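*Asks:* My numbering puts the first residue of the sequence shown at 15, with every later residue one more than the last.
Positions of the beta carbon are idealized from the N, C-alpha and C atoms, including for glycine.
Just so it is clear, the structure is predicted and the values come from calculations on it, not from any experiment.
So that we are looking at the same thing, I have put the structure below in structure tokens.
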Amino acid sequence: MVHFVGAGSGAVDLITVRGKRLIEEADVIIYAGSLVNPELLDYAKKDCQVHNSAYLHLDEIIDLMKKAEEQGLTTVRLHTGDPSVYGAVREQMDRLKEAGIDYDVCPGVSSFCGAAAALKAEYTLPDVSQSVIITRMAGRTPVREAESMRSLAAHQATMVIFLSMGLLEELTAELLAGGYRADTPAAIVYKATWKDEKVMRCTVSELSETAKKHGITKTALITVGYFLGDDYALSKLYDAEFTTEFRNGNHHNGIHETGR
């Protein structure tokens, strides 16, 4: 059996209870050494075989899984954040399926959630944005034209941008071309939830300058949008006049609404 486990956004105690148990029970652990907190490996058994996938290509990773399976061993494939976001897990799952090897997935806390926590922010504010766009700039991994930064920026939704720290000048140009104003609030969150976490608030036009000033070149998320501002509407869910499935609102006109 192979368990794909989300290691969380960085802090060792943000692993899920299930994820920790799977690490403790594993005979083989293949972890993404470039980003996974190595302290998580302290939960492993003393005789557990541990491999850093930063030094391996796909065939070598699959071969390790197959070898473990042949020996009747349990494998944990430890990915940073949540495996479903830029985790390159689908290609591994397809190869395991072809080989007849059973697998499952244990979700984790994504760094985009860690970034919101670091910012003490809510991505979805009434009258500001009810959508979150998680995306990246095209680099060695291409991006379809329909998903270009410019076209996504036109939605004026909350944006969380991964894997783009080396392209901040190009990113800024695309965001501006897509319709964001130069003074749109933005933030760079370096190593969200790690001990050396750093939060840098700025505007869209200041992204590149801010990163250079703080010496940040990688391992950071960029967030963009008016959710970082101070203007928003209050939630209807907790409005005293709003009736829900659990609470009657204090309506003066006798008309009760339901909704979320």
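1) With respect to the alpha helix (DSSP H) encompassing Arg-91, which residues constitute its N-terminal and C-terminal limits?
2) Pull the bridge partners of Lys-212 from the DSSP assignment, please.
3) Relative to the C-alpha of Cys-62, which residue among Ile-37, Ser-222, Tyr-69 is closest?
4) Looking at the secondary structure, which residues open and close the beta strand (DSSP E) in which Met-107 lies?
5) Looking only at its chain, what residues have a beta carbon closer than 7 Å to the beta carbon of Asn-66, apart from the 5 residues adjacent to it on each side?
6) Just to confirm my understanding: we take Arg-100, look at its own chain, exclude 5 residues before and 5 after, and list those with CB closer than 8 Å. What are they?
7) Got a sec, what are the start and stop residues for the beta strand (DSSP E) Arg-150 sits in?
8) Are the CB atoms of Ala-21 and Val-50 nearer to each other than 8 Å?
9) Could you check which residue in Phe-241, Met-179, Ala-247 has the C-alpha nearest to that of His-228?
10) Locate the alpha helix (DSSP H) running through Gly-192, then write down its first and last residues.
11) Residues in the same chain with beta-carbon distance under 6 Å from Tyr-240, minus the five sequence neighbours each way, listed in chain order, please.
12) Since I believe Tyr-194 is in contact with Ala-152 (beta carbons under 8 Å), could you give me their beta-carbon distance rounded to a whole number of angstroms?
13) Name the one or two DSSP bridge partners that Ile-43 has.
14) Excluding the 5 residues flanking Glu-188 on each side, which residues of the same chain have their C-beta closer than 8 Å to its C-beta?
15) Should the stretch 201-209 be called in touch with the stretch 24-42, which here means at least 3 C-beta pairs below 8 Å?
16) With Asp-118 as the anchor, note down where its alpha helix (DSSP H) starts and where it stops.
17) Does His-169 pass the burial test, meaning 16 or more other C-beta atoms within 10 Å, or should it be called exposed?
18) Got a sec, what are the start and stop residues for the beta strand (DSSP E) Met-173 sits in?
19) If you follow the alpha helix (DSSP H) that His-228 is in, where does it begin and where does it stop?
20) Mind checking which residues open and close the beta strand (DSSP E) that includes Gly-20?
*Replies:* Well, looking at it:
1) Segment 89-93 is the beta strand (DSSP E) holding Arg-91; no alpha helix (DSSP H) there.
2) Tyr-204
3) Ile-37
4) Careful: Met-107 lies outside any beta strand (DSSP E), inside the alpha helix (DSSP H) at 104-112.
5) Tyr-45, Gly-47
6) Inspection of the sequence shows that residue 100 is occupied by Tyr rather than by Arg. The residues are Arg-150, Phe-176, Leu-177.
7) 146-150
8) yes
9) Met-179
10) 182-192
11) Val-142
12) Ala-152 to Tyr-194, Cβ: 18 Å. No contact.
13) Val-64, Val-90
14) Met-151, Ser-162, Met-163, Arg-164, Ala-167
15) yes
16) Unbroken run through Asp-118 is the beta strand (DSSP E), 117-120; no alpha helix (DSSP H).
17) exposed
18) 172-176
19) 221-228
20) 16-20
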